[in-house]
Structure formats: C-alpha cells, structure tokens
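Peer 1: Numbering (numbering that gives the first Met the number 0), first residue to last: 0 to 244. Each residue gets a CB set at the ideal place from its N, CA and C atoms; glycine is no exception. Structure below; questions to follow.
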Amino acid sequence: MENVAYIALSRMTAMRRQMDVIANNVANMSTPAFKGEKVLFAEYLMRTQPHDNSSTELSFVQDLSTLRELRDGEKRRTAEPLDVAIDGPGYFAVETPRGVRYTRNGHFRLNDLGTLITAAGHAVLDENGRSITLADEGGGSPSIAKDGTVSSSAGASLGRLGVVTFANELALKAEGDSVYAATEPPQPIANAKVDQGMIEDSNVQPIVEMANMIELLRNFEATQRLLESDHDRQRKAIDRLARIA
C-alpha cells in the first residue's frame, strides 16, 4: 500500500473515534451533570526504509485519549426539595455495589426506607461516609442548607452531604450515569456550597457539537476523495505500464 493511503487511513481512523465521542456528547445533552469529552490527537512519526536505502519520515495521526470538559453546566431550578446542585467544584459521594463512587448529579429521591438515594438507586453519603435517612416528623419537605446540612421538616439535623474533590479530576474514570470511579483519595471540601431545588445540566453545547460533527463529516469525505484519487492514479499507472510492456 502507498504511503498516501497509510496516512489517509490513519486520519480516517482517528476521525471515526472523534465521531464516536461527539455522538456520545450529543446523546447526553439532557443528562444531568454530564461532562462532555473531546479527543486528544498527536502526531506519530514513522521512519521508513525505501528500496534505495534513503530514510523517510511519515507523519501519521494518533488519538491518544479523551479529555473531559470540567466546565460546570448551567444550574436549572426544579423546585424539587431533593434536587441539589453543587455550587463550584466538588462531587457527591455515593455508595454503589462496586464501592464508593462520585457524581455531580444531584437528582436525589427517597427509597422505601427513607434513605436518600440517587436516580440510579445508590445511597448518598454524608461527610462521614454514612447514608442519610430522612425521618418523617409530621410531614413536610426536608431542607438542605447552603453548606449541605440536611434537616427534617421539624428542624432536626440528619447529616451533612459529603462533597469532595480530587487533585486531578481528569483521572476520574467515567462509569456511566454521570458516576465516576476515583484513582486517588478524595479530599473533603470544608466550605462546600450547594443549592437546594436546583439541578446542574450537562455542559455539552449542542450547537458547538453539531458544528463539529458537520466539519468532521466534511473532512472525512475529503480524505475519502483523496484515497479514491490516489487509487485512480495507481490504476492508471499500472495500466500504462502494462501497455508499454
């Protein structure tokens, strides 16, 4: 295969990966607290050794990894007493079957036992790593103070939401449903602030993602035309050589 084809195919493979990332961003535009991702590309040089022993370097495209956009999403008021949005950096700690995980999705609810859980059914943990149970004391909605303290309608303190951060947030591994696994110990945020009755929306910008998708499709088509043109050139060259022979 010619060098042009190798280079073009490396670019097309990278663009396919980029399209998968963009499609995932678009699919999660409505997922609370979802963080969009982008592909990190790099140049990969490969030294070739042609038949005349002269050395040549070919420049390929390599997708190294995906980077998470840590920018906060817009806060949306829901007026639901168990919806909570983190004001600034931080993550809620939740208990899952795989262990403690972290999320910014504060769309909480109560299970049959009165335990505060996420939409996926994971128990929300307080600052001491314990689940929070809301006792029914005369009805009414619980209140969640700015510092994360949860109180019953009667004013009894039931715990404080555990909000933590990490030295390297990009090292968090996404596991779906806006939940992340940590690769390093969490660091409690002493002065964490939350807003009751609000939800953090996805930080994906639909117009930007659609524009990126259109541009990517055009680049893919241009690269495909380059491959077809190079293939046509080789076919003509072989045909002419055959006639001369």
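Can you tell me which of the three DSSP states V203 falls into?
Peer 2: Coil at V203, not helix or strand.
Peer 1: Decide if N110 is buried, meaning its Cβ has at least 16 other Cβ atoms within 10 Å, or exposed.
Peer 2: Its Cβ having fewer than 16 others within 10 Å, N110 is exposed.
Peer 1: From the DSSP output, read off the bridge partner residues of Q195.
Peer 2: Per DSSP, V83.
Peer 1: Within 10 angstroms of its Cβ, does H121 collect 16 or more other Cβ (buried), or is it exposed?
Peer 2: H121 is buried by the Cβ-count criterion.
Peer 1: Does DSSP put T247 in a helix, in a strand, or in coil?
Peer 2: Lying before the first or after the last residue shown, residue 247 is absent from the chain, which here runs from 0 to 244.
Peer 1: Report the rounded CA-to-CA distance for T95 versus D229, giving the unit in angstroms.
Peer 2: One C-alpha to the other measures close to 54 Å.
Peer 1: Quick check for students: name the residue ranges of the beta strand (DSSP E) that lie wholly in the stretch 125–178, counting only runs of 3 or more.
Peer 2: The stretch 125–178 contains these whole beta strand (DSSP E) runs: 148–150, 156–159 and 162–164.
Peer 1: Quick check on the burial criterion: 16 or more other C-beta atoms within 10 angstroms. Buried or exposed for R100?
Peer 2: Looking at its Cβ environment, which holds 16 or more other Cβ atoms inside 10 Å, R100 is buried.
Peer 1: What did DSSP end up calling I116 once you bin it into helix, strand or coil?
Peer 2: Reduced to three states, the DSSP call for I116 is strand.
Peer 1: Identify, in the order they occur along the chain, each residue of the same chain with its Cβ nearer than 8 Å to the Cβ of D82, setting aside the five sequence neighbours on each side.
Peer 2: Closer than 8 Å at Cβ, skipping near neighbours: G105, H106, F107, Q195, G196, M197 and I198.
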